[in-house]
Amino acid sequence: MAKQYETVIGLEVHVELATKTKIFCGCSTAFGGAPNTHTCPVCTGMPGSLPVLNKQVVEYAAAVGLATNCSITQYCKFDRKNYFYPDNPQNYQISQLYLPICRNGHVEIETENGKKQVRIHEIHMEEDAGKLIHDEWDDCSLVDFNRSGVPLIEIVSEPDMRSAEEVIAYLEKLRLIIQYLGASDCKLQEGSMRADVNLSVREVGSETFGTRTETKNLNSFKAIARAIENERERQIDLIEDGKAVIQETRRWDDAKEYSYAMRSKEDAQDYRYFPEPDLVPIVISDEWLDTIRNQQPEFRDEKMKRYKEEFDIPEYDISIITASKHMADLFEEAVALGSNPKKVSNWLMVETLRLMKDRSIEAEDLKFSAANLAKLIALTESKTINSSVAKEVFEVMFDENIDPDQYVEAKGLKTVNDEGALRSVIETILTENPQSVADYKAGKVKAIGFLTGQTMKAMKGKADPSEINRILMELLQ
Numbered sequence: 001m002a003k004q005y006e007t008v009i010g011l012e013v014h015v016e017l018a019t020k021t022k023i024f025c026g027c028s029t030a031f032g033g034a035p036n037t038h039t040c041p042v043c044t045g046m047p048g049s050l051p052v053l054n055k056q057v058v059e060y061a062a063a064v065g066l067a068t069n070c071s072i073t074q075y076c077k078f079d080r081k082n083y084f085y086p087d088n089p090q091n092y093q094i095s096q097l098y099l100p101i102c103r104n105g106h107v108e109i110e111t112e113n114g115k116k117q118v119r120i121h122e123i124h125m126e127e128d129a130g131k132l133i134h135d136e137w138d139d140c141s142l143v144d145f146n147r148s149g150v151p152l153i154e155i156v157s158e159p160d161m162r163s164a165e166e167v168i169a170y171l172e173k174l175r176l177i178i179q180y181l182g183a184s185d186c187k188l189q190e191g192s193m194r195a196d197v198n199l200s201v202r203e204v205g206s207e208t209f210g211t212r213t214e215t216k217n218l219n220s221f222k223a224i225a226r227a228i229e230n231e232r233e234r235q236i237d238l239i240e241d242g243k244a245v246i247q248e249t250r251r252w253d254d255a256k257e258y259s260y261a262m263r264s265k266e267d268a269q270d271y272r273y274f275p276e277p278d279l280v281p282i283v284i285s286d287e288w289l290d291t292i293r294n295q296q297p298e299f300r301d302e303k304m305k306r307y308k309e310e311f312d313i314p315e316y317d318i319s320i321i322t323a324s325k326h327m328a329d330l331f332e333e334a335v336a337l338g339s340n341p342k343k344v345s346n347w348l349m350v351e352t353l354r355l356m357k358d359r360s361i362e363a364e365d366l367k368f369s370a371a372n373l374a375k376l377i378a379l380t381e382s383k384t385i386n387s388s389v390a391k392e393v394f395e396v397m398f399d400e401n402i403d404p405d406q407y408v409e410a411k412g413l414k415t416v417n418d419e420g421a422l423r424s425v426i427e428t429i430l431t432e433n434p435q436s437v438a439d440y441k442a443g444k445v446k447a448i449g450f451l452t453g454q455t456m457k458a459m460k461g462k463a464d465p466s467e468i469n470r471i472l473m474e475l476l477q
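Mind the numbering: the sequence shown is residues 1 to 477 in this note's numbering, read in order.
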């Protein structure tokens with residue numbers, strides 16, 4: 001009988017924090033920017049420059065720790081991790097080894113077998129390194145220090161996950177918690193959330209862990225899932241062939257769906273950690289911790305429960321709307337402005353999702369305001385514009401966040417409510433289409449659809465279809 005294998009997975013997740021300035025200096029953390037323009041003597045590692053800790057980094061790290069059920073280390077400090085790499089300007093990284101800010105937490109995920117807890121070993125604060133850009137054309141490597149010194153938290157899980165599905169569920173849960181806190185935008189494609197996967201396999205029933213490998217360079221959930229499946233198969237094939245799995249760091253190439261060894265971890269690197277001499281320890285008082293705790297937002301699970309009790313909208317809609325902090329804010333603000341929750345939900349679930357897919361954008365990047373959405377809903381409810389005009393206006397609003405009231409006025413899109421004018425147009429349509437009138441009278445109900453369409457065309461779309469229908473029925477009787 002073929003052997004059955006179990007996959008054992010732990011993750012190291014790096015998250016760039018959403019502070020305006022870097023962790024130890026006043027340089028901008030904005031993504032993009034010409035190479036080496038967001039830099040100063042501190043983040044480029046110039047001799048004699050001294051770091052000064054950004055208080056907001058500590059607050060974000062503690063907030064993430066509280067939200068993931070960690071205990072907060074109220075006396076914590078930074079350590080110096082020494083290694084040479086071209087994108088590491090000081091030849092060391094300021095990190096936390098001995099007293100990380102958060103320890104022993106967990107998050108709960110939904111799996112096909114029900115709820116499961118994934119334990120968090122620790123969360124520590126550190127600075128990011130620069131970025132190497134390999135120029136194939138000139139056959140050289142260039143370094144950009146804009147990212148150097150951007151604040152990171154590293155969330156280290158226990159090896160509690162057993163499949164790619166569980167890993168994705170855990171990452172989704174972390175991402176939502178952090179986005180709801182406003183601690184990071186967690187955009188994998190921009191590198192503000194990065195995951196390294198530690199994976200080993202063992203025979204089902206075995207208590208001892210197999211030899212693990214670490215896979216890097218994963219910048220989307222799909223890439224993570226593919227890399228996990230690939231590495232699992234690779235390790236099983238080696239074991240089945242009687243070969244040893246080597247403890248090493250591997251790099252995933254998503255285009256080729258293939259991983260290759262970067263470096264062996266047989267001889268563990270000695271980082272010669274020691275307490276960072278340029279920074280004093282951090283003391284988080286009970287009062288400070290209470291302030292951070294009291295600022296925690298309503299998270300998704302609580303929001304979903306409240307929406308179910310407060311608004312009459314389907315559970316599916318609730319799960320989609322609350323899956324993005326920005327979309328949940330749009331929904332709540334529009335409802336607070338007096339819009340019907342079901343109508344707001346419909347606009348978000350149908351037109352918004354359609355255009356997001358069309359434009360390939362994330363919910364967090366939606367431009368239109370809740371105030372303008374509420375105005376558009378009011379325009380349709382008062383029958384100032386009909387539903388097809390509303391969709392047309394919404395598309396412009398989606399792209400440019402225009403004020404729908406002003407736009408409808410400027411473009412002359414209001415529904416014509418002059419019954420006399422509408423009636424005379426319909427009479428003309430009936431005179432011009434005797435065949436359709438005859439068809440309708442002969443029992444072909446579909447003919448009325450054609451007549452309605454012709455009227456809408458004549459009115460340039462600026463009529464209420466239900467009003468056209470009422471007058472048509474009256475005249476055809």
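Note that CB positions come from ideal geometry on N, CA and C, so glycine has one too.
Nothing here was measured: the structure is a model prediction, and the numbers come from that model.
### Message
Any contact between the region 149 to 156 and the region 206 to 218? By contact I mean 3 or more CB pairs, one from each, below 8 Å.
### Response
Contact between the region 149 to 156 and the region 206 to 218 is absent, because fewer than three Cβ pairs lie under 8 Å.
### Message
Tell me which residues share the same chain as Pro100 and place their Cβ nearer than 6 Å to its Cβ, disregarding the 5 neighbours each side in the sequence.
### Response
Here residue 100 refers to the residue found at position 100 when the sequence shown is read from its first residue. So the qualifying residues of the chain are Glu122, His124.
### Task
Tell me Asn198's beta-bridge partners as DSSP assigns them.
The residue given as residue 198 occupies position 198 in the sequence shown. By DSSP's assignment, Asn198 forms a beta bridge with Gly10, Glu214.
### Query
Got a sec, what are the start and stop residues for the beta strand (DSSP E) Glu108 sits in?
Position 108 of the sequence shown, counted from the first residue, corresponds to residue 108. Start and end: 102 to 111.
### Query
Are the CB atoms of Phe398 and Phe368 nearer to each other than 8 Å?
As a position in the sequence shown, residue 398 is number 398, starting the count at 1. As a position in the sequence shown, residue 368 is number 368, starting the count at 1. With respect to Phe368, Phe398 sits close: the two C-beta atoms are nearer than 8 Å.
### Query
Mapping DSSP to helix, strand and coil, what is Ser141?
Counting from one through the sequence shown, the residue named residue 141 turns up at place 141. Looking at Ser141 - three-state DSSP - the assignment turns out to be strand.
### Three-state secondary structure assigned by DSSP to Val280
Locating residue 280 in the sequence shown gives position 280, where the first residue counts as 1. Of the three classes helix, strand and coil, the one that applies to Val280 here is coil, per DSSP.
### Message
Between which two residues does the beta strand (DSSP E) holding Tyr92 run?
### Response
On the sequence shown, residue 92 is found 92 positions in, with the first residue counted as 1. Following the DSSP letters along the chain, one finds Tyr92 inside the beta strand (DSSP E) bounded by residues 92 to 95.
### Query
Below 8 Å, can you find three or more Cβ-Cβ pairs linking the region 181 to 197 to the region 54 to 68?
With a cut-off of 8 Å, the region 54 to 68 and the region 181 to 197 count as touching, because enough Cβ pairs lie within range.
### Classification of Cys102 by the beta-carbon crowding that lies within 10 angstroms, buried from 16 upward
Translated into positions along the sequence shown, residue 102 becomes position 102. The C-beta of Cys102 has 16 or more other C-beta atoms within 10 Å across all chains shown, which makes the residue buried.
### Query
How many angstroms separate the CA atom of Glu126 from the CA atom of Trp288?
The residue labelled residue 126 in the question sits at position 126 within the sequence shown. The residue labelled residue 288 in the question sits at position 288 within the sequence shown. For Glu126 and Trp288, the distance between alpha carbons rounds to 21 Å.
### Task
Examine the Cβ distances between the region 373 to 393 and the region 402 to 413 and report whether three or more of them are shorter than 8 Å.
Taking 8 Å as the limit for Cβ pairs, the verdict is that the region 402 to 413 does touch the region 373 to 393.
### Query
When we look at the beta-carbon of Lys115 and count the other beta-carbons within 10 Å, is it buried (16 or more) or exposed?
For the purposes of this step, residue 115 is taken as residue 115 along the sequence shown, with counting starting at 1. Exposed, since its Cβ has fewer than 16 Cβ neighbours within 10 Å.
### DSSP-derived helix/strand/coil call for Lys305
Mapped onto the sequence shown, residue 305 falls at position 305. Correct three-state label for Lys305: helix.
### Task
Determine the DSSP secondary structure at Thr455, reduced to helix, strand or coil.
As a working note, residue 455 is residue 455 in the sequence shown. If DSSP states are grouped into helix, strand and coil, Thr455 belongs with the helices.
### Message
On the CB-based measure, 16 or more other CB atoms within 10 Å of its CB, does Leu472 come out buried or exposed?
### Response
Position 472 of the sequence shown, counted from the start, is the residue given in the question as residue 472. Buried is the label assigned to Leu472, since at least 16 other Cβ atoms lie within 10 Å of its Cβ.
### At least three beta-carbon pairs within less than 8 Å, the region 237 to 251 to the region 71 to 84
Verdict: no, contact absent.
### Query
So, Ile429 versus Ala458, is the Cβ gap smaller than 8 Å?
Looking up residue 429 in the sequence shown gives position 429. Looking up residue 458 in the sequence shown gives position 458. Result yes, Cβ atoms of Ile429 and Ala458 sit closer than 8 Å.
### Task
Please go through the same chain and pick out, in chain order, the residues whose beta-carbon is closer than 8 Å to the beta-carbon of Val107, but skip the five residues on each side of it.
Sequence index remark: in the sequence shown, residue 107 carries index 107 (1-based). Only Thr68, Asn69, Gln117, Val118, Ile120, Tyr170, Lys173, Leu174, Ile177 meet the Cβ criterion.
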